[in-house]
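Visitor:
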Amino acid sequence: MDSLFGSLPEMLDFQKVFLETLEDGLSSCSDFNILETPSQFRKLLFSLGGSFLYYADHFKLYSGFCANHIKVQKVLERAKTDKAFKAFLEAHNPTKQHSSTLESFLIKPVQRVLKYPLLLKELVSLTDTESEEHHHLTEALKAMEKVASHINEMQKIYEDYGAVFDQLVADQSGTKKEVTELSMGELLLHSTVTWLNPFPSLSKTRKDLELTVFVFKRAVILVYKENYKLKKKLATNIRASHNYGDLDLFKFRWLIPLSALQVRLGNTAGTENNCIWELIHTKSELEGRPETTFQLCSSDCESKSNIVKVIRSILRENFRRQIKCDSHLEKACKTRPIRHKNLIPVSAKLASSRSLKLLRNRPSNEWNNDAGKGNELDSDECSLSSSTPSSSCHTTDSILESKNSSPVKQLQASDFSNSPVKESDILNDCCNLKNY
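According to full-length UniProt numbering, the sequence shown is numbered sequentially starting from 1.
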């Protein structure tokens, strides 16, 4: 389902908000149906351009859905082998119209978001080049063209690296996978860097290996993809020697989840390069994983600053989530359920009643003798709380309430109300309580 629909719920919520802004702009023009000249549409065009300018970045939600659409056809082909699913699709499209197929519905968001720049371009062409609304719509057009470019870029990245991302998620060690999916909608930044301390098995090929770093909201991925031209030449030489080896372009792939990620600034010893920084995959004794440090060099200081800034932001956000979860867990542990009074065994209620009567029959001087002892008790031993009821402290009200809660209990209590109470009766009741 995630492969087919992905971020569709979030996109739907956003589109509802965006539609409301368009409708609000339209409602502000009460005489919309009688407007004829471009100057009369000025207010409406300003409102339309403002809506696209304000929500331009929100349209990047579509990037994940559009990128995943590449594999929709394959997923549907496999799903249609299921008889129940196939029957479901046929039942919802009895006339077998192409426009009513699931494939047709799933491509609608892809087509819609890429049509917005065309719509704005047409509106720009219909306005006076010297007018303010023309300038306003032009800015909106530029913003939506950037969105379209971003979506196309995400699609290209998924075409090239999607299989690698899926494989890294599937290959995670441990019983519980921290990263369940890597959506292109969660890709925050990608950058090419030089790997200064490559693994020995890779350093034999080239000295300066270029890694592509992908920063997602929940993980960072490092990929070394061999140059296609170099690989093609190598493949030709291999065929010539009849020695067929691994022709996979991806020679290195690595996933670091947020829980095991650290980023550090610093230069390699003996260098003065300000573009060097480090990614650390921390040690895990549970998984038997040693600490791994990647020494990386960005193309310039600005690129280094951008990627380090983004990584630190997702680490801070992850830390906030952990604190929030820990606080909720702590509150849950402190809040204990209160036992319902009707679930208390009858024997326990009888013992309480007998104890109360025995205490009432005690001479007043015995109460005075015990008054000082009560003050020696720790306050925590006899405290009542709405969240943590105490079993070592009894009140008259609670006992009377329990006596009135059941007719059966009232009958049993009346059997000994006028008879002398013995301490042996209380002990018997306690024994019955233990055997309950």
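Just so you know, even glycine gets a beta-carbon here, dropped at the ideal spot from N, CA and C. All of these numbers come straight from a predicted model, not from anything done at the bench.
1) For the segment 94-155, list the alpha helix (DSSP H) runs that are entirely contained and at least 4 residues long, ordered along the chain.
2) Can you pull the DSSP bridge partners for K225?
3) Count the other CB atoms, across all protein chains shown, that sit within 10 Å of the CB of S149; report buried if there are 16 or more and exposed otherwise.
4) On the DSSP letters alone, give me the boundaries of the beta strand (DSSP E) that E278 sits inside.
5) Tell me whether Y54 is buried or exposed, calling it buried when 16 or more other Cβ atoms sit within 10 Å of its Cβ.
6) Work out the CA separation of E285 and residue 438 for me, nearest whole Å.
7) With respect to the beta strand (DSSP E) encompassing S191, which residues constitute its N-terminal and C-terminal limits?
8) Assuming V72 is part of the alpha helix (DSSP H), what are its boundary residues?
9) Within 10 Å of its beta-carbon, does N120 have 16 or more other beta-carbons around it, so buried, or fewer, so exposed?
10) Applying the criterion that 16 or more other CB atoms from any shown protein chain within 10 Å of the CB defines a buried residue, is T129 buried or exposed?
11) Could you compute how far the alpha carbon of S104 sits from the alpha carbon of N93?
12) F52 lies in the alpha helix (DSSP H); which residues open and close that run?
13) Going by CA-CA distance only, name the one from Q40, C29, L61 and D24 that's closest to M11.
14) From E181 to G49, what does the alpha carbon distance come to, in whole angstroms?
15) First and last residue of the alpha helix (DSSP H) that includes V213?
16) Give the secondary structure of T37 by DSSP, where H, G and I count as helix, E and B as strand, and everything else as coil.
17) Can you tell which of A140, K207, L211 and L202 has its C-alpha closest to the C-alpha of S191?
18) Based on DSSP bridge pairs, tell me the residues matched to C29.
19) For N404, does the count of other Cβ atoms within 10 angstroms reach 16, so buried, or fall short, so exposed?
20) Which first and last residues belong to the alpha helix (DSSP H) in which L89 is found?
21) When the Cα of V169 is compared with those of L19, W277, H281 and R218, which residue comes out closest?
22) Taking Cβ positions, are I221 and W254 nearer each other than 8 Å?
23) Please identify the residue among R78, F252 and I157 whose C-alpha is closest to the C-alpha of F199.
24) Please state the DSSP three-state secondary structure of Q15.
25) Measuring straight from C-alpha to C-alpha, what distance separates L45 and P117?
26) Would you mind reading off the limits of the alpha helix (DSSP H) that contains F294?
27) Taking DSSP as the reference, what is the three-state secondary structure of V408?
28) Can you give the Cα-Cα distance for C297 and L265, rounded to whole angstroms?
29) What does DSSP give as the partner residue(s) for Q262 in the beta ladder?
30) I need the DSSP call for G245, collapsed to helix, strand or coil.
31) V308 by DSSP, collapsed to three states: which one?
32) Output the boundary residues of the alpha helix (DSSP H) element that contains F65.
33) With burial defined as no fewer than 16 other Cβ atoms inside 10 Å of the residue's Cβ, what is the status of C325: buried or exposed?
34) When the Cα atoms are used, what is the spatial distance from L299 to V193?
35) Rounded to the nearest angstrom, what separates A91 and D171 at their Cα positions?
Guide: So, to answer that:
1) 102-125
2) F250
3) exposed
4) I276 to H281
5) exposed
6) Residue 438 is absent from the model: the chain starts at 1 and stops at 436.
7) L187 to W195
8) V72 to A79
9) In the sequence as presented, Asn is not what sits at residue 120; that position holds Leu. Buried is the call here.
10) exposed
11) 12 Å
12) R42 to Y55
13) L61
14) 36 Å
15) Segment L209 to F216 is the beta strand (DSSP E) holding V213; no alpha helix (DSSP H) there.
16) coil
17) L211
18) In DSSP, C29 forms no bridge with anything.
19) Since pLDDT at N404 reaches only 47, below the 50 mark, its modelled position is unreliable, and the value read off the structure follows with that caveat. Flag for N404 reads exposed.
20) K83 to A91
21) R218
22) yes
23) F252
24) helix
25) 15 Å
26) Element bounds for F294: not the alpha helix (DSSP H) but the beta strand (DSSP E), T292 to C297.
27) Note on V408: pLDDT 41, under 50, position unreliable in the model; no value is reported.
28) 11 Å
29) I280
30) At G245 the pLDDT is 42, less than 50, meaning the model places this residue with poor confidence; the figure from the coordinates comes in the next sentence. G245 falls in the coil class under three-state DSSP.
31) helix
32) Y62 to N68
33) exposed
34) It should be pointed out that residue 299 corresponds to Ser in this sequence rather than to Leu. Rounded to the nearest angstrom, the two C-alpha atoms are 7 Å apart.
35) 38 Å
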